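Q: For the record, the sequence lines run as chains A and B. Reading the first sequence from the start, the letters are residues 76 to 313 in this note's numbering. Reading the second sequence from the start, the letters are residues 76 to 313 in this note's numbering. For each residue, glycine too, the CB sits at the ideal point set by N, CA and C. Quick caveat: nothing in here was measured; it's all calculated off a predicted structure. Okay, handing you the structure first.
There are 2 protein chains.
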Amino acid sequence: MDGSSPATQVIGILGGMGPAATADFYTKLVALTPGRRDQEHLKTVIWSDPTVPDRTEALLGRGPDPTPWLLNGCRVLREAGATLIAIPCNTAHAFVPRISDRAGLPIVHMIGEVAQHLTRRGPSLRTAGLLATTGTVRAGLYQECLARVGIDVLLPDRTSQANEVMTGILAVKAGKRSDAVGEPLARAAHRLTDRGAQVIIGGCTEIPLGLPPQAIPVPLIDPAVVLARALVRRSGAR
Amino acid sequence: MDGSSPATQVIGILGGMGPAATADFYTKLVALTPGRRDQEHLKTVIWSDPTVPDRTEALLGRGPDPTPWLLNGCRVLREAGATLIAIPCNTAHAFVPRISDRAGLPIVHMIGEVAQHLTRRGPSLRTAGLLATTGTVRAGLYQECLARVGIDVLLPDRTSQANEVMTGILAVKAGKRSDAVGEPLARAAHRLTDRGAQVIIGGCTEIPLGLPPQAIPVPLIDPAVVLARALVRRSGAR
């Protein structure tokens with residue numbers, strides 16, 4: 076933004092899933108906005124409702140449907156003046172088809188943005204490894220979006236998914252930041268790169284909080300960064 | 076919070092002053108909330124409006140009054156369901172007397188909370204050094220609140236205020252995170268500890284982002300942390 080053409084979008088962040096990931100996402104959005112002073116940054120409203128029922132439990136048929144909570148959040152953001160909605164939670168994207176018609180605002184689709192981002196890395200990228208919640212994996216969100224751009228998704232086996240990926244994600248949600256978090260995630264990532272993954276998608280917003288990029292031998296894609304860049308582009312603050 | 080008594084408060088954060096400080100404040104609030112899973116965290120709504128006119132410029136009579144922007148933010152937070160308001164910007168507290176009657180919600184006063192916090196450090200604490208914007212210093216916010224609890228405030232001299240403190244704050248707002256930010260702030264802090272300051276108050280939310288606690292020989296008080304702890308206590312999430 077050059078100061079003469081202020082951004083007209085008001086970013087609505089449907090957050091709280093989890094709250095640490097929401098804070099991290101807003102931090103990244105601010106850092107990636109090229110403002111030199113406060114007044115060049117983006118107007119943003121954040122609804123952070125950590126009481127939204129667990130998305131993975133719902134997708135596995137073991138818990139309540141979070142759709143009403145998500146629709147309530149969209150209403151709050153709309154009434155607060157947001158002009159578009161970003162959801163910094165991968166698993167919640169499984170519910171986007173249920174809310175998009177009723178949200179009243181465009182939803183910038185994080186996983187669709189990741190697919191577009193990966194195509195920009197060039198045609199030699201054919202295989203991406205996915206670290207995500209069991210809910211995201213079962214819902215097939217990345218598999219579907221990446222298939223459309225010709226990229227295969229490699230998944231952890233059942234044991235690694237349960238004992239390494241979910242253990243790491245839940246440890247981040249519980250506020251742990253030690254090696255106890257990063258090591259199981261790094262082991263799961265290495266199993267995927269050994270099988271040919273050319274990038275690792277940190278497909279749960281908690282994963283980049285627990286897994287340092289230097290712990291794996293290929294690029295770590297952070298969907299939160301990809302989404303933040305997409306918002307900056309769309310808002311005209313570039 | 077023990078899970079059986081969920082917090083009933085909805086935290087409203089009047090932010091954007093600046094946006095990086097708002098992101099940092101929400102990160103601290105989440106980290107200081109003792110939840111073990113998402114659902115134990117606090118419902119929070121954040122209105123981050125970086126277009127609020129510069130608070131220091133207004134206090135020095137060189138820019139527009141930010142009061143209408145602050146009242147608009149209070150309205151958004153109230154309509155979104157917030158039950159109390161926190162303002163993670165020290166300088167904006169100079170305008171609290173103009174908005175508190177019309178905000179429609181209680182404002183948890185960051186500087187008042189810092190005064191209470193300092194009294195809990197014991198009666199030997201008599202002198203605090205203040206690093207803050209020129210607007211905060213001129214408005215006398217800390218001087219007034221700390222005088223009420225019997226603590227003197229030491230201020231940088233005019234040259235240090237302009238060339239070290241404001242230079243450091245504006246560098247953080249511009250996204251700089253290098254030694255170029257920390258060194259002038261640390262020099263200003265050392266001048267105050269040389270004169271007898273027993274603690275340094277990082278009295279602008281940008282300062283703890285640029286000044287590492289280990290760079291100064293006395294405790295660095297971060298008002299954002301003090302405010303976050305006050306919110307956690309009041310919300311019942313302890």
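Give the residues of chain A in contact with B:Q114, contact being defined as C-beta atoms less than 7 angstroms apart.
A: Within the second sequence, residue 114 of chain B is the residue found at index 39, counting from 1. Here the neighbours are P125, T126.
Q: Per DSSP, A:I275 is paired with what?
A: In the first sequence, residue 275 of chain A corresponds to position 200, counting from 1. Paired residue(s): A:G204, A:L295.
Q: Where do the ends of the beta strand (DSSP E) carrying B:D99 lie?
A: As a working mapping, residue 99 of chain B is identified with position 24 in the second sequence. Looking at the DSSP string, B:D99 is not in any beta strand (DSSP E); the run it does join, the alpha helix (DSSP H), is 94–107.
Q: Starting from the beta carbon of B:T102, find every residue of chain E whose beta carbon is closer than 8 angstroms, and list them in chain order.
A: Checking the listed chains, one finds no chain E in this structure; the protein chains it contains are A and B.
Q: Please list the partners that A:R111 has in chain B, where partner means a Cβ-to-Cβ separation under 9 angstroms.
A: The residue labelled residue 111 of chain A in the question sits at position 36 within the first sequence. Result: K248, A249, G250.
Q: Suppose you measure from the CA of A:K118 to the CA of B:A155; what does that come to, to the nearest Å?
A: For the purposes of this step, residue 118 of chain A is taken as the residue at position 43 of the first sequence. For the purposes of this step, residue 155 of chain B is taken as the residue at position 80 of the second sequence. A:K118 and B:A155: Cα-Cα distance of roughly 16 angstroms.
Q: What would DSSP say about B:T280, mapped onto helix, strand or coil?
A: In the second sequence, counting from the first residue as 1, residue 280 of chain B sits at position 205. Residue state, collapsed to three classes: coil.
Q: Near A:R270, what residues of its chain come up, given a Cβ to Cβ distance below 6 angstroms and the 5 sequence neighbours on each side ignored?
A: The residue labelled residue 270 of chain A in the question sits at position 195 within the first sequence. Closer than 6 angstroms at Cβ, skipping near neighbours: L229.
Q: Would the stretch 161–172 of chain B count as touching the stretch 182–202 of chain B if we require 3 or more Cβ pairs under 8 angstroms?
A: Counting Cβ pairs under 8 angstroms, three or more are found: they touch.
Q: Check each residue of the stretch 136–156 of chain A: if its Cβ is closer than 9 angstroms to any Cβ of chain B, include it; give the result in chain order.
A: Those residues of the stretch 136–156 of chain A that come within reach of chain B (Cβ to Cβ, closer than 9 angstroms) are V151, L152, E154, A155, G156.
Q: Given this structure, state the Cα-to-Cα distance separating B:L205 from B:P298, to the nearest angstrom.
A: One-based indexing of the second sequence puts residue 205 of chain B at position 130. One-based indexing of the second sequence puts residue 298 of chain B at position 223. Those two C-alpha atoms are separated by around 11 angstroms.
Q: With 8 angstroms as the threshold, decide whether the Cβ of A:G91 is near any Cβ in chain B.
A: If you number the first sequence from 1, residue 91 of chain A lands on position 16. So yes, A:G91 belongs to the interface.
Q: Short check: CB of A:H192 to CB of A:V301, under 8 angstroms?
A: On the first sequence, position 117 is the one that residue 192 of chain A refers to. On the first sequence, position 226 is the one that residue 301 of chain A refers to. It is a contact, given that the beta carbons lie within the stated cut-off.
Q: Are A:Y217 and A:G278 touching if we call contact CB-CB under 8 angstroms?
A: Here residue 217 of chain A is taken as the residue at index 142 of the first sequence, counted from 1. Here residue 278 of chain A is taken as the residue at index 203 of the first sequence, counted from 1. Yes. Within cutoff.
Q: Any beta carbon of chain A sitting closer than 8 angstroms to that of B:T194?
A: Here residue 194 of chain B refers to the residue found at position 119 when the second sequence is read from its first residue. No, its Cβ sits nowhere closer than 8 angstroms to a Cβ of chain A.
Q: Apply the 10 Å Cβ neighbour rule to A:P198 and answer buried if 16 or more other Cβ atoms are within range, or exposed otherwise.
A: Reading the first sequence from its first residue, position 123 is the one you call residue 198 of chain A. Under this definition A:P198 is an exposed residue.
Q: With distances taken Cα to Cα, identify the nearest neighbour of B:Q114 among A:R111, A:R213, A:I86, A:G90.
A: Taking the first residue of the second sequence as position 1, residue 114 of chain B is located at position 39. The residue with the shortest Cα to Cα distance from B:Q114 is A:G90.
Q: Please state if the CB of B:Q289 and the CB of B:T202 are separated by a distance shorter than 8 angstroms.
A: Mapped onto the second sequence, residue 202 of chain B falls at position 127. Mapped onto the second sequence, residue 289 of chain B falls at position 214. Contact flag unset, no.
Q: For A:T242, collect the residues of the same chain with a Cβ closer than 8 angstroms to its Cβ; drop the 5 residues on either side in sequence, then sort them by chain order.
A: Residue mapping note: residue 242 of chain A aligns to position 167 of the first sequence, counting from 1. P259, listed in sequence order.
Q: Can you check the stretch 148–235 of chain B for any alpha helix (DSSP H) of at least 4 residues that lies completely inside it and give the ranges in chain order?
A: Those alpha helix (DSSP H) runs which fall completely within the stretch 148–235 of chain B and span 4+ residues are 171–178, 185–194, 209–214, 216–222.
Q: Taking 8 angstroms as the cut-off, decide whether the C-beta atoms of B:T97 and B:I88 are in contact.
A: Taking the first residue of the second sequence as position 1, residue 97 of chain B is located at position 22. Taking the first residue of the second sequence as position 1, residue 88 of chain B is located at position 13. Yes, these two residues count as a Cβ contact at 8 angstroms.
Q: Starting from A:G243 and walking both ways along the alpha helix (DSSP H), at which residues does that stretch end?
A: In the first sequence, the residue the question calls residue 243 of chain A occupies position 168. 242–248 is the span of the alpha helix (DSSP H), which, as asked, contains A:G243.
Q: Cutting at 6 angstroms between CB atoms, please list the residues of its own chain near B:P128, excluding the five before and the five after it.
A: Mapped onto the second sequence, residue 128 of chain B falls at position 53. Excluding positions up to five away in sequence, the list reads G138, P139, P141.
Q: Per DSSP, what are the beta-bridge partners of A:T119 in this structure?
A: In the first sequence, the residue the question calls residue 119 of chain A occupies position 44. The partner list for A:T119 (beta bridge, DSSP) reads A:I86, B:S123.
Q: Does any C-beta atom of chain B lie closer than 8 angstroms to the C-beta of A:V307?
A: Here residue 307 of chain A corresponds to residue number 232 of the first sequence, with the count starting at 1. Chain B, which has no Cβ nearer than 8 angstroms to the Cβ of A:V307, makes this no.
Q: Given this structure, state the Cα-to-Cα distance separating A:L145 from A:P125, to the nearest angstrom.
A: Against the first sequence, residue 145 of chain A aligns to sequence position 70. Against the first sequence, residue 125 of chain A aligns to sequence position 50. Approximately 11 angstroms between the Cα atoms of the pair.
Q: Looking at chain B, which residues of the stretch 225–250 of chain A have a Cβ within less than 9 angstroms of any of its Cβ atoms?
A: Flagged, chain order: L245, K248, A249, G250.
Q: Which one of B:T211, B:I160, B:L107 has the shortest CA to CA distance from B:P231?
A: Position 156 of the second sequence, counted from the first residue, corresponds to residue 231 of chain B. Looking at the Cα atoms, B:T211 is the closest of the given residues.
Q: Between A:R223 and A:A190, is the Cβ-Cβ spacing less than 8 angstroms?
A: As a first step, residue 223 of chain A is located in the first sequence; it is residue number 148 there, counting from the start. As a first step, residue 190 of chain A is located in the first sequence; it is residue number 115 there, counting from the start. Yes, these two residues count as a Cβ contact at 8 angstroms.
Q: Could you tell me the boundaries of the alpha helix (DSSP H) in which A:A237 lies?
A: Here residue 237 of chain A is taken as the residue at index 162 of the first sequence, counted from 1. Per DSSP, A:A237 belongs to no alpha helix (DSSP H) and is neither H nor E.
Q: When burial is assigned at 16 or more other CB atoms within 10 Å of the CB, is A:R130 buried or exposed?
A: Translated into positions along the first sequence, residue 130 of chain A becomes position 55. Result: buried.
Q: Since A:V183 meets chain B, which of its residues come closer than 7 angstroms, beta carbon to beta carbon?
A: Here residue 183 of chain A refers to the residue found at position 108 when the first sequence is read from its first residue. Those within 7 angstroms of A:V183 in chain B number zero; the least Cβ separation is about 17 angstroms.
Q: Measure from the alpha carbon of B:I276 to the alpha carbon of each residue in B:P143, B:P294, B:A157, B:G110, then state which is nearest.
A: Position 201 of the second sequence, counting from 1, holds the residue named residue 276 of chain B. Taking only the C-alpha atoms, the option nearest B:I276 is B:P294.
Q: Please report how far the alpha carbon of A:R266 lies from the alpha carbon of A:I291, in whole angstroms.
A: As a position in the first sequence, residue 266 of chain A is number 191, starting the count at 1. As a position in the first sequence, residue 291 of chain A is number 216, starting the count at 1. Their backbone Cα atoms lie some 10 angstroms apart in a straight line.
Q: With DSSP collapsed to three states, give me the class of A:P259.
A: As a first step, residue 259 of chain A must be located in the first sequence, where it is residue number 184. In the structure shown, A:P259 sits in a helix (DSSP, three-state: H, G or I).
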